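J.: Taking our numbering, the leading residue of the sequence shown gets 28, the next gets one more, and so forth.
Where a beta carbon is used, it is the ideal one built from N, C-alpha and C, also for glycine.
Just so you know, these numbers come straight off a predicted model, no measurement behind them.
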Amino acid sequence: MSEVSTFALRLKSARLMKGFSMDDLCERMEPKVSKMAISKYESGKMDPDSEVLISLADALDQTPDYFFRPFTFKLESMRFRKKQNLGAKQIESVKMNIADFVERYVNIEEICNDVNIDVDFSSVPVASAEQVKAAAVKLRERWCLGKDGIVNVIEMLEEHGVKVVEIDAPDGFDGVSTKVNDVIPVIVLGKNFLYERKRFTALHELGHLLLNFEDRFSDKEQESLCNLFANEMLLPETELRRILGNCRKKVSVKELRPIQMRFGISCDAIMYKAKECGIVSAALHRGYCIRKNQSPEYKSFVERSDSPAETSHRFESLVYKALENELITMSKAASLLRTDVMTIRKELSTAW
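#1: Among Gln117, Glu157 and Phe98, which has the Cα closest to the Cα of Val129?
#2: To the nearest angstrom, how far is the alpha carbon of Lys174 from that of Leu267?
#3: Does Pro91 pass the burial test, meaning 16 or more other C-beta atoms within 10 Å, or should it be called exposed?
#4: If you follow the beta strand (DSSP E) that Lys206 is part of, which residue opens it and which one closes it?
#5: With DSSP as the reference, please indicate the residues paired to Ile214 in a beta bridge.
#6: With a cut-off of 8 Å, do at least 3 Cβ pairs link the region 121-141 to the region 339-349?
#7: If you scan the region 230-267 from start to end, which runs of the alpha helix (DSSP H) of 4 or more residues do you find wholly inside it?
#8: Look at the Cβ atom of Thr338, then the Cβ atom of Ile181, and state whether they are nearer than 8 Å.
#9: Taking buried to mean at least 16 other C-beta atoms within 10 Å of its own C-beta, is Lys319 buried or exposed?
#10: Would you mind reading off the limits of the alpha helix (DSSP H) that contains Val153?
#11: By DSSP, does Pro335 sit in helix, in strand, or in coil?
#12: Please identify the residue among Tyr347, Asn179, Lys160 and Ser77 whose C-alpha is closest to the C-alpha of Arg289.
#13: Between the region 254-264 and the region 290-306, do three or more beta carbon pairs fall short of 8 Å?
#14: Between Leu237 and Thr228, is the Cβ-Cβ spacing less than 8 Å?
#15: Taking Ser358 as part of the alpha helix (DSSP H), name the residues at either end of that continuous run.
#16: Got a sec? Which residues, its chain only, sit under 7 Å from Glu30 by beta carbon, not counting five neighbours each side?
#17: Between the region 301-310 and the region 183-201, do three or more beta carbon pairs fall short of 8 Å?
#18: At which residues does the alpha helix (DSSP H) containing His312 begin and terminate?
#19: Which of the three DSSP states, helix, strand or coil, is assigned to Thr99?
The structure is reproduced here in structure tokens:
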């Protein structure tokens, strides 16, 4: 790939990451250039001078060297399962941000010699709901999770090679999953999801990455089976039966809250699982749903989340680890973290 074509593609990628149109980029530049000039830069028909290059970098929150770094990943290999509630412009922005984040993430993993993908994704054949539950049980065993709640789902995923990207997303967005270069598993979540929703969605998307559904399953059926996988990962059926028993005529919401807190799973998901396992009847579950819909106070109580949304610090930790071991420079750390050297210095000075 020539330097000109690399610059052209990097410029377009950086613009799409920000969700800018060419007009938007022109407005944010100082000195300003025309939309035609931006078009020529992106098509490789013209190169900017040093002043314009710095202006482009400032407007797009990039360093000048970013535009000349060879691409590591093929964007065309990225396939989304569904578009969610995102427009075409937002989809492109999400794609570019994923590629950029994964590129930086893999870069620092290689520098620290800390690369790990220990699951053969899309390798578990699925022909029934029982096989989905069995896959969740087997994965919990493989990852030594025991029977209790998972402390931090996102950190757990990243420790096993799954890259988790968090984005600002509209209310209708649930999450998507993909594999970069058909190898690196990536899960995309809404940054502001509540604690239980973020955990459940992350594991639902893990199901899409891990499970190889037979062609006879419709998209709706696959969604339902991935919900089943996430539910079993968060709260094993054996534990729910141990806590609630095998058959209940009534279940108090006061019983659900301790389970919610211990396993990081919503009351709705607990009740749904209890119904699916035959612990409670379909009529009891339906009554729970009706009461929720009719009583705002009850709905507020069962949907309340008392835990802060979890996140992962692995990427940032790897950068600072490399910096402390003098594997990278201060400017390289700033570039990886998409910040400036002064911020890095401040973080280091307050860490002691």
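T.: If we stick to the structure as given:
#1: Phe98
#2: 10 Å
#3: exposed
#4: It spans Val203 to Val207 - the beta strand (DSSP E) in which Lys206 sits, taken as one unbroken run.
#5: Val191 and Ser204
#6: yes
#7: 246-261
#8: yes
#9: buried
#10: Run containing Val153: none in the alpha helix (DSSP H); it sits in the beta strand (DSSP E), Val151 to Val153.
#11: Here Pro335 sits in coil by DSSP.
#12: Asn179
#13: yes
#14: no
#15: Met357 to Leu364
#16: Confidence in Glu30 is poor, its pLDDT being 49 and thus under 50, which makes the residue's placement too unreliable to answer from.
#17: Output reads no: the region 183-201 does not touch the region 301-310.
#18: Ala309 to Gln321
#19: coil
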